[in-house]
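**Student:** What follows is a structure written as structure tokens; I'll ask about it next.
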Amino acid sequence: MRDAPSNSLTAGSHWLWLALLFAMALWFATLGTRRLLNPDEGRYAEIAREMLVSGDWVTPRLNGIKYFEKPPLQYWMTASAYQVLGQNEFAARLWSGLTGFAGILLAWFTGMRLFGRSAGMMAAAVLASSVLYLVIGHTNILDMGLSFCLQLMVCSFLLGQTSAPGSTAERHWMLLAWTGAALAFLSKGLIALILPALTLLAYTAVTREYSAWRRLHIGKGLSLFMLLVLPWLIAVSLANPEFPRFFFLHEQFARFLTDVHDRDGPWWYFLPVFILGALPWTFVALRQFKHSWRLDQHAGMQTRRFLMLWVTVVMVFFSLSHSKLQPYIVPVMPLFALLVGDALTRMPVKTLRMHFLVMGALVALLALTIALIPDSVAGARSVAVVAALRLETAVGLLVAAVTLLLASWLLRRQTQPTTLRTAVIVTGLGTLLGLTVLTQGADALRITRSGYDLSQQIAAHLRPDTRLYSVGSYDQTLPFYLKRRITLVDYRGELDFGLSQQPELAIDTVEAFARIWRNQSDAIAVMSPALYTQLLNQGLPMRFIAQQAKLVAVSKP
590 MRDAPSNSLT AGSHWLWLAL LFAMALWFAT LGTRRLLNPD EGRYAEIARE MLVSGDWVTP
650 RLNGIKYFEK PPLQYWMTAS AYQVLGQNEF AARLWSGLTG FAGILLAWFT GMRLFGRSAG
710 MMAAAVLASS VLYLVIGHTN ILDMGLSFCL QLMVCSFLLG QTSAPGSTAE RHWMLLAWTG
770 AALAFLSKGL IALILPALTL LAYTAVTREY SAWRRLHIGK GLSLFMLLVL PWLIAVSLAN
830 PEFPRFFFLH EQFARFLTDV HDRDGPWWYF LPVFILGALP WTFVALRQFK HSWRLDQHAG
890 MQTRRFLMLW VTVVMVFFSL SHSKLQPYIV PVMPLFALLV GDALTRMPVK TLRMHFLVMG
950 ALVALLALTI ALIPDSVAGA RSVAVVAALR LETAVGLLVA AVTLLLASWL LRRQTQPTTL
1010 RTAVIVTGLG TLLGLTVLTQ GADALRITRS GYDLSQQIAA HLRPDTRLYS VGSYDQTLPF
1070 YLKRRITLVD YRGELDFGLS QQPELAIDTV EAFARIWRNQ SDAIAVMSPA LYTQLLNQGL
1130 PMRFIAQQAK LVAVSKP
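Following this line, the structure appears as structure tokens:
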């Protein structure tokens, strides 16, 4: 089943290109067909929109307030997409979509160069159809952009280290690795240097192999890194002297060492995330990894061991952190896919066939359960969401189940060396199709997690000089959909630091808001139904105009 490493991306029949085009069409199909969800999608869409509208590409702002939690690369890319494609959901998610699909192509290319043609193709199929990777690749958050930049860095590093020592190829690959590190820093900060440094230290400790350190091209590489990173750091620090302390001490260190963001979790938090997120491939190659580790023991650059250590280091690092969110381990997925693609080339066909058969049966059972379970089990507040999600979820899972069973059938009799590769690619495409259907169904979450419908109702009452208030809460999709800033009342949240620098942009108390409201001639406020009832009972003049989920919109009579 093993073939020689290849420098050709094409190396295959025309159906592979058709499969690639089909995967590309599926990948980008749903980027713009779903409304933005709270809080992350609304936040990052709005920061980029304000950057474009204000013309200030140095200082990120959210709802007009300085927002220094993350570097600007994704904001820049999204604002550029708005400039070309307009301010819409497709443009808002385009950077995640592009970097996600680029990661699939990079896995294909790197797998072929390191492990052979079949391994590269199967690595791409594995990555494209992994649940966590696909979901994050279709969500407007920073983790997919970071994942691709880190993948670019690691893959370039490995390709450089496996090139002839001192060669031009080695130098070019290593400079590309440093470029990936700089882009990763501009995506999410110091993690771009911490994770690769820890992995290389672990690799050296385990293998007693030191040659990689001598081939880092650290002089030219670090100069390139600084050339790409320092201009923005200097510009934003000059414009905002408070930036360096907050960004480096609070966001880069306090976030990891303390539960300042109230996102802590148990040490095993990411284990179920990984097990579920790597489906349907989680268990298929784990039995092969021990053999993969032994294969590298006499190699110069022990590529498989480095990849395994990367997966381990990233998992352990974030498990030790006091800030835990499911997308944090997305950078594990592309390198895990390379390991799986390589391991599949050595897997007994009988074992893989049984895996597909069992997985297909389990997914079919899950689809049937979802199709038949009563809406009422969700509870009264979630019945509408469950009912709306049901069809696409059941259909998507059924498509994936049929695909897995088809792959098992294809492997019933291995008549050609390409049978296993074909079955894996078919599985990848079919699972991608099923997950695409399921992803589109996620638009039902707008009922409770998007302000789009509320914004459309509010827009009918808006005039150019209408003042907007959000009292006691902050729906982060509303500024994007209403295309204007909302004055926050009795709410600080993640905007606490920005508001400490610009206190005039918010109102501290509901009492102060009530006094201002009475003197307004044209204003709209958004608040919870309970607060609306309370203020109405206190005699505050308000006229109900709209409601969605947990929010009510009122205007000044």
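So the mapping is simple: the working numbering equals the position in the sequence shown, first residue as 1, plus 589.
All C-beta atoms, glycine included, are put in the ideal place defined by N, C-alpha and C.
In this text, all values refer to a predicted model and were calculated from it rather than measured experimentally.
Please look up how many angstroms separate the CB atoms of F746 and A766, rounded, as I've assumed it's under 8 Å.
**Tutor:** The residue given as residue 746 occupies position 157 in the sequence shown. The residue given as residue 766 occupies position 177 in the sequence shown. Yes, F746 and A766 are in contact; Cβ-Cβ is about 4 Å, under 8 Å.
**Student:** For L957, which residues of its own chain have a beta-carbon under 6 Å away from its beta-carbon, when the five flanking residues on both sides are left out?
**Tutor:** What you label residue 957 is simply residue 368 of the sequence shown in a count that begins at 1. Nothing meets the Cβ criterion.
**Student:** Could you give the distance in angstroms between the alpha-carbon of M1116 and the alpha-carbon of Q1137?
**Tutor:** On the sequence shown, residue 1116 is found 527 positions in, with the first residue counted as 1. On the sequence shown, residue 1137 is found 548 positions in, with the first residue counted as 1. Approximately 11 Å between the Cα atoms of the pair.
**Student:** Quick check on the burial criterion: 16 or more other C-beta atoms within 10 angstroms. Buried or exposed for K913?
**Tutor:** On the sequence shown, residue 913 is found 324 positions in, with the first residue counted as 1. The residue is buried, with at least 16 neighbouring Cβ atoms inside 10 Å.
**Student:** In whole angstroms, what separates the C-alpha of V720 from that of R702?
**Tutor:** Locating residue 720 in the sequence shown gives position 131, counting from the first residue. Locating residue 702 in the sequence shown gives position 113, counting from the first residue. Distance between the alpha carbons of V720 and R702 is about 26 Å.
**Student:** Given 8 Å as the limit, is there contact between the stretch 666-677 and the stretch 857-876, that is, 3 or more CB pairs closer than that?
**Tutor:** no
**Student:** For the beta strand (DSSP E) that contains M1116, what are its first and last residues?
**Tutor:** Taking the first residue of the sequence shown as position 1, residue 1116 is located at position 527. That run of the beta strand (DSSP E) goes A1112 to M1116.
**Student:** Is S597 helix, strand or coil by DSSP?
**Tutor:** Reading the sequence shown from its first residue, position 8 is the one you call residue 597. Its pLDDT being 42, under 50, S597 is placed unreliably in this model, and the coordinates cannot settle the point.
**Student:** Which word fits H944, buried or exposed, when buried means at least 16 other C-beta atoms lie within 10 angstroms of its C-beta?
**Tutor:** For the purposes of this step, residue 944 is identified with residue 355 of the sequence shown, where counting begins at 1. Classification of H944: buried, given that the 10 Å Cβ count is 16 or more.
**Student:** Between which two residues does the beta strand (DSSP E) containing Q1137 stretch?
**Tutor:** The residue you call residue 1137 lines up with position 548 of the sequence shown. Here the beta strand (DSSP E) through Q1137 covers R1132 to Q1137.
**Student:** If you draw a straight line from the C-alpha of M733 to the C-alpha of S1144, how long is it?
**Tutor:** Taking the sequence shown and counting its residues from 1, the one referred to as residue 733 is at position 144. Taking the sequence shown and counting its residues from 1, the one referred to as residue 1144 is at position 555. The alpha-carbon atoms of M733 and S1144 are separated by roughly 40 Å.
**Student:** Below 8 Å on the Cβ atoms is my guess for F872 versus I918; work out the distance and round it to an integer in Å.
**Tutor:** As a position in the sequence shown, residue 872 is number 283, starting the count at 1. As a position in the sequence shown, residue 918 is number 329, starting the count at 1. 17 Å between Cβ atoms; not a contact.
**Student:** Under a three-way DSSP split, which group does K1072 fall into?
**Tutor:** For the purposes of this step, residue 1072 is identified with residue 483 of the sequence shown, where counting begins at 1. Coil.
**Student:** Can you pull the DSSP bridge partners for A1095?
**Tutor:** Reading the sequence shown from its first residue, position 506 is the one you call residue 1095. Beta-bridge pairing links A1095 to L1077.
**Student:** Using 8 Å as the threshold, is the C-beta distance between L1120 and A926 below it?
**Tutor:** Against the sequence shown, residue 1120 aligns to sequence position 531. Against the sequence shown, residue 926 aligns to sequence position 337. Going by C-beta atoms, L1120 is not nearer than 8 Å to A926.
**Student:** Quick check: the Cα distance between C738 and H1050, rounded to an integer number of angstroms?
**Tutor:** Residue numbering aside, residue 738 sits at position 149 when the sequence shown is read from its first letter. Residue numbering aside, residue 1050 sits at position 461 when the sequence shown is read from its first letter. One C-alpha to the other measures close to 44 Å.
**Student:** So within the stretch 853-920, which uninterrupted alpha helix (DSSP H) runs reach at least 4 residues, ignoring any that extend past its ends?
**Tutor:** 859-866, 875-884 and 892-909
**Student:** Where P785 and M890 are concerned, what is the direct C-alpha to C-alpha distance, given to the nearest angstrom?
**Tutor:** Within the sequence shown, residue 785 is the residue found at index 196, counting from 1. Within the sequence shown, residue 890 is the residue found at index 301, counting from 1. Roughly 16 Å between the two C-alpha positions.
**Student:** Can you give, in chain order, each stretch of the alpha helix (DSSP H) that sits fully within the stretch 726-779 and has at least 4 residues?
**Tutor:** 732-750 and 757-777
**Student:** Name, in chain order, the residues that DSSP records as bridge partners for R979.
**Tutor:** The residue labelled residue 979 in the question sits at position 390 within the sequence shown. Looking at the DSSP assignment, R979 forms no beta bridge with any residue, so it has no partner.
**Student:** So what's I654 in DSSP terms, helix, strand or just coil?
**Tutor:** As a first step, residue 654 must be located in the sequence shown, where it is residue number 65. Of the three classes helix, strand and coil, the one that applies to I654 here is strand, per DSSP.
**Student:** What is the rounded straight-line gap between the Cα of A668 and the Cα of W646?
**Tutor:** Stepping through the sequence shown from its first residue, residue 668 is reached at position 79. Stepping through the sequence shown from its first residue, residue 646 is reached at position 57. Using only the alpha carbons, I get a separation of about 9 Å.
**Student:** Label H880 either buried or exposed according to how many other C-beta atoms from any shown protein chain fall within 10 Å of its C-beta, with 16 as the threshold for buried.
**Tutor:** Position 291 of the sequence shown, counted from the start, is the residue given in the question as residue 880. An exposed status is given to H880, since fewer than 16 other beta-carbon atoms sit within 10 Å of its beta-carbon.
**Student:** By a C-beta neighbour count over all protein chains shown, 10 Å radius and 16 as the cutoff for buried, is T1066 buried or exposed?
**Tutor:** Translated into the one-based positions of the sequence shown, residue 1066 becomes position 477. Classification of T1066: buried, given that the 10 Å Cβ count is 16 or more.
**Student:** Using only the alpha-carbon positions, how far apart do Y633 and A1031 sit?
**Tutor:** The residue you call residue 633 lines up with position 44 of the sequence shown. The residue you call residue 1031 lines up with position 442 of the sequence shown. Going by the C-alpha atoms only, they are around 19 Å apart.
**Student:** Quick check on the burial criterion: 16 or more other C-beta atoms within 10 angstroms. Buried or exposed for E802?
**Tutor:** Reading the sequence shown from its first residue, position 213 is the one you call residue 802. The residue asked about is misnamed: residue 802 is Trp in this sequence, not Glu. Exposed: under 16 other Cβ atoms inside 10 Å.
**Student:** Determine the contact status of P628 and I636, defining contact as a CB-CB distance below 8 Å.
**Tutor:** Numbered from 1 along the sequence shown, position 39 holds the residue referred to as residue 628. Numbered from 1 along the sequence shown, position 47 holds the residue referred to as residue 636. Not in contact: P628 and I636 (Cβ atoms no closer than 8 Å).
**Student:** So, are the CB atoms of A770 and L789 less than 8 Å apart?
**Tutor:** Residue mapping note: residue 770 aligns to position 181 of the sequence shown, counting from 1. Residue mapping note: residue 789 aligns to position 200 of the sequence shown, counting from 1. No, the pair does not count as a contact, with Cβ atoms beyond the cut-off.
**Student:** Per the contact definition of three or more C-beta pairs closer than 8 Å, is the stretch 680-698 in contact with the stretch 827-835?
**Tutor:** no
**Student:** May I ask you to report which of helix, strand or coil DSSP gives V647?
**Tutor:** Looking up residue 647 in the sequence shown gives position 58. Coil at V647, not helix or strand.
**Student:** Using beta-carbon positions only, say whether V929 and M904 come within less than 8 Å of one another.
**Tutor:** Mapped onto the sequence shown, residue 929 falls at position 340. Mapped onto the sequence shown, residue 904 falls at position 315. No.
**Student:** Considering only residues of the same chain and omitting the five flanking positions on each side of T1020, which have a CB-CB separation below 7 Å?
**Tutor:** In the sequence shown, the residue the question calls residue 1020 occupies position 431. S718, P869, A989 and T992, listed in sequence order.
**Student:** Less than 8 Å between the beta carbons of Y896 and L924, yes or no?
**Tutor:** Mapped onto the sequence shown, residue 896 falls at position 307. Mapped onto the sequence shown, residue 924 falls at position 335. Checking the displayed sequence, the identity of residue 896 turns out to be Leu instead of Tyr. Yes.
**Student:** Below 8 Å on the Cβ atoms is my guess for A996 versus A1012; work out the distance and round it to an integer in Å.
**Tutor:** The residue labelled residue 996 in the question sits at position 407 within the sequence shown. The residue labelled residue 1012 in the question sits at position 423 within the sequence shown. Right, the Cβ-Cβ distance comes to about 4 Å (below 8 Å), so this counts as a contact.
**Student:** Please confirm whether A670 and L683 have their CB atoms less than 8 Å apart.
**Tutor:** Sequence index remark: in the sequence shown, residue 670 carries index 81 (1-based). Sequence index remark: in the sequence shown, residue 683 carries index 94 (1-based). Going by C-beta atoms, A670 is nearer than 8 Å to L683.
**Student:** Leaving out the 5 sequence neighbours to the left and right, which residues in its chain are closer than 6 Å to S1059 when beta-carbon positions are compared?
**Tutor:** The residue labelled residue 1059 in the question sits at position 470 within the sequence shown. Counting only Cβ-Cβ distances below 6 Å, and skipping sequence neighbours, we find I1075, L1077 and V1115.
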